[in-house]
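J.:
Chains as they are written, first to last, in the working numbering: chain A, 1 to 161; chain B, 162 to 322.
#1: For residue 160(A), decide whether its Cβ has a neighbour in chain B, counting only Cβ atoms nearer than 9 Å.
#2: So, for residue 108(A): in the same chain, excluding its five sequence neighbours on each side, which residues have a beta-carbon less than 8 Å away from its beta-carbon?
#3: As a quick exercise: from 304(B), 306(B), 215(B), 312(B), pick the residue whose alpha carbon is nearest that of residue 273(B).
#4: Could you name the residues of chain B that residue 153(A) contacts, counting a contact when the two beta carbons are closer than 7 Å?
#5: Closest to residue 243(B) by CA distance: which of 292(B), 266(B), 211(B), 309(B) is it?
#6: Closer than 9 Å, CB to CB, is residue 193(B) near chain A or not?
#7: Can you tell me whether DSSP reads residue 256(B) as helix, strand or coil?
#8: Does residue 269(B) come within less than 9 Å of chain A when only Cβ atoms are used?
#9: Is the beta carbon of residue 183(B) sitting closer than 9 Å to the one on residue 32(A)?
#10: Going straight from the alpha carbon of residue 292(B) to that of residue 197(B), what length do you get?
#11: Output needed for residue 249(B): all residues of its chain with C-beta closer than 7 Å, excluding positions within five of it in sequence on either side, in chain order.
#12: Taking only beta-carbon atoms, is residue 207(B) less than 9 Å away from chain A?
#13: At which residues does the alpha helix (DSSP H) containing residue 233(B) begin and terminate?
#14: If we call anything under 9 Å between Cβ atoms a contact, is residue 152(A) one with residue 295(B)?
#15: When DSSP builds the beta bridges, which residues end up paired with residue 270(B)?
#16: Around the C-beta of residue 148(A), are 16 or more other C-beta atoms found within 10 angstroms, so that it is buried, or is it exposed?
#17: Just how far apart, CA to CA, sit residue 205(B) and residue 290(B)?
#18: Does chain B have any CB closer than 9 Å to the CB of residue 68(A)?
#19: Please report the straight-line C-alpha distance between residue 118(A) and residue 125(A), rounded to a whole angstrom.
#20: Quick one: list the residues of chain B neighbouring residue 150(A), beta-carbon separation under 7 Å, in chain order.
#21: Thinking C-beta only, is residue 235(B) closer than 9 Å to residue 30(A)?
#22: Looking at chain B, is there any beta carbon in it that lies within less than 9 Å of the beta carbon of residue 85(A)?
#23: Starting from residue 232(B), find everything on chain A with Cβ-Cβ shorter than 8 Å and list it in chain order.
#24: Could you give the DSSP three-state label for residue 100(A): helix, strand or coil?
#25: When the distance is taken between beta carbons, is residue 201(B) closer than 9 Å to residue 28(A)?
#26: For residue 98(A), collect the residues of the same chain with a Cβ closer than 7 Å to its Cβ; drop the 5 residues on either side in sequence, then sort them by chain order.
#27: Do residue 7(A) and residue 301(B) have their C-beta atoms within less than 9 Å of each other?
#28: For residue 3(A), which residues in chain B fall below 7 Å Cβ to Cβ?
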C-alpha cells in the first residue's frame, strides 16, 4: 500500500474505533444502570429516577421547583410528578407554597427524607465501588481525564448557544 | 498517620473516585446524546430513538417484531409504536403479517428506508468521529479495554440469572 493509502486506512480504522467506543459507552452505562435499578428495587423498593430526584433534593436545603428538579436529573426522566407524589405520601418530601408566589410550589426533603436518602446514597456508593472494583486508580483517573477531554469541546459549544 | 489509616484513606479516596467516574460517564454519554439529537433534528428532522429503531431494523433483513425492536434499542426507549407508525406513513418501513401467525406483525425497512438509514448512519459516524476527535487511538483503545473490563463481571452475573 502507498503511504497515503496507509494513512487513509489508519484514519478510517480510528474512525471506526471511535464509533465502537461510543456504542460501548452506551452499553456500559446502560448495564450499570440496570444493575443499580435491580439493587435499588431489591434493597429499598426504589427506582433509579426516584433515587435521582431525592439526590437532587438532598443538595437543595431550601427545596426546588418541579422544573428545576427535572433539569438536574442525571438518568433518564422518570415520571417526576408521580415520584414526588409518592415521596409526599410517604412523608419524605413536603410541598411548600411560598406566600409571595402561590403558583410556584417548592419541593423539599423532610428530615425523614434526608435520612432515607442518606441510607440509599451510602448503599449506592458501595455498589458503584463494587461494580467498578476491577478498575484501579490509574484506570479510573485515566478514564475521568479522557471523558473530561471529550466533553470540554461540547461544553464550550453549549455555552456558545 | 499510621500505615493502616493511610491505607484506609487511600481506599476511601479510590471509592470516591469510582463514584465520580460513574457520574462522569452518565454526564458524558448524556452530552454526546444531546449533541446527536440536535444534529439528527437539524439535518434529518429525526430523533435519536427513531435513528435507533432504524438501526436495529437495518441489521434484520427479514424484519423484527415490535418486542424485539425494543429489546435492541441502545438509547432510552422512545415511543416505538409512534415511531414505527410514522416510518410506515413515510414509506420507510412495512408492516407484514405472516400467514401462519396473524397476531404477530413483522416490521421491516423498505428499500427507501434502507437508503434513508444509510444516509443517517454515514452522517452519525462522522459526527461521532468529530465529537470524539480529541481522543487519539491510545485513548480510544484504553477506554474500550477498561469499559469491557468493567462490564465483564456484570455480563457474567447476568448470564447466571
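The beta carbon of each residue, even a glycine, is placed where N, CA and C say it ideally should be.
Note that this is a predicted model, so its numbers are computed, not measured.
T.: Let me lay it out:
#1: Confidence is the limiting factor: at residue 160(A) the pLDDT is only 47, short of 50, which leaves the residue's position unreliable, though a coordinate-based value still follows. For residue 160(A), the nearest beta carbon of chain B is not closer than 9 Å to its own beta carbon.
#2: Closer than 8 Å at the Cβ level, and outside the excluded window around residue 108(A), lie 57, 60, 61, 62, 63, 64, 93, 94, 96.
#3: For residue 273(B), the nearest C-alpha among the options comes from 215(B).
#4: From the beta-carbon of residue 153(A), the residues of chain B found nearer than 7 Å are 295.
#5: The residue with the shortest Cα to Cα distance from residue 243(B) is 211(B).
#6: It does; some Cβ of chain A falls within 9 Å.
#7: Residue 256(B) falls in the strand class under three-state DSSP.
#8: No, residue 269(B) lies away from the interface with chain A (no Cβ there is under 9 Å from its Cβ).
#9: Residue 32(A) sits close to residue 183(B), with the two beta carbons spaced by under 9 Å.
#10: Between residue 292(B) and residue 197(B), the C-alpha separation is close to 9 Å.
#11: Non-local C-beta neighbours of residue 249(B) in its own chain, meaning closer than 7 Å and more than five positions away in sequence, comprise 256, ordered along the chain.
#12: Output row for residue 207(B): interface = no.
#13: Looking at the DSSP string, the run of the alpha helix (DSSP H) that includes residue 233(B) is 227–233.
#14: Yes, the pair counts as a contact, with Cβ atoms nearer than the cut-off.
#15: By DSSP's assignment, residue 270(B) forms a beta bridge with 254(B).
#16: That one is exposed.
#17: In a straight line, the C-alpha of residue 205(B) is about 18 Å away from that of residue 290(B).
#18: Contacts with chain B at 9 Å (Cβ-Cβ) do not include residue 68(A).
#19: Roughly 11 Å separates the two Cα atoms.
#20: At a beta-carbon threshold of 7 Å, the residues of chain B lying near residue 150(A) are 189, 293, 295, 296, ordered along the chain.
#21: In this structure, residue 235(B) lies closer than 9 Å to residue 30(A) by Cβ.
#22: Contact with chain B is absent for residue 85(A), since none of that chain's Cβ atoms lies less than 9 Å from the residue's Cβ.
#23: Chain A residues near residue 232(B): none, gap ~12 Å exceeds 8 Å.
#24: Looking at residue 100(A) - three-state DSSP - the assignment turns out to be coil, as it is neither helix nor strand.
#25: It is not a contact, given that the beta carbons lie outside the stated cut-off.
#26: Shown here for residue 98(A): same chain residues with a beta carbon closer than 7 Å to its own, the five before and five after excluded, namely 104, 106 in chain order.
#27: Contact check for residue 7(A) against residue 301(B) fails: the beta carbons are separated by 9 Å or more.
#28: Contact annotation for residue 3(A) against chain B: no contact, minimum CB-CB distance about 18 Å [criterion: below 7 Å].
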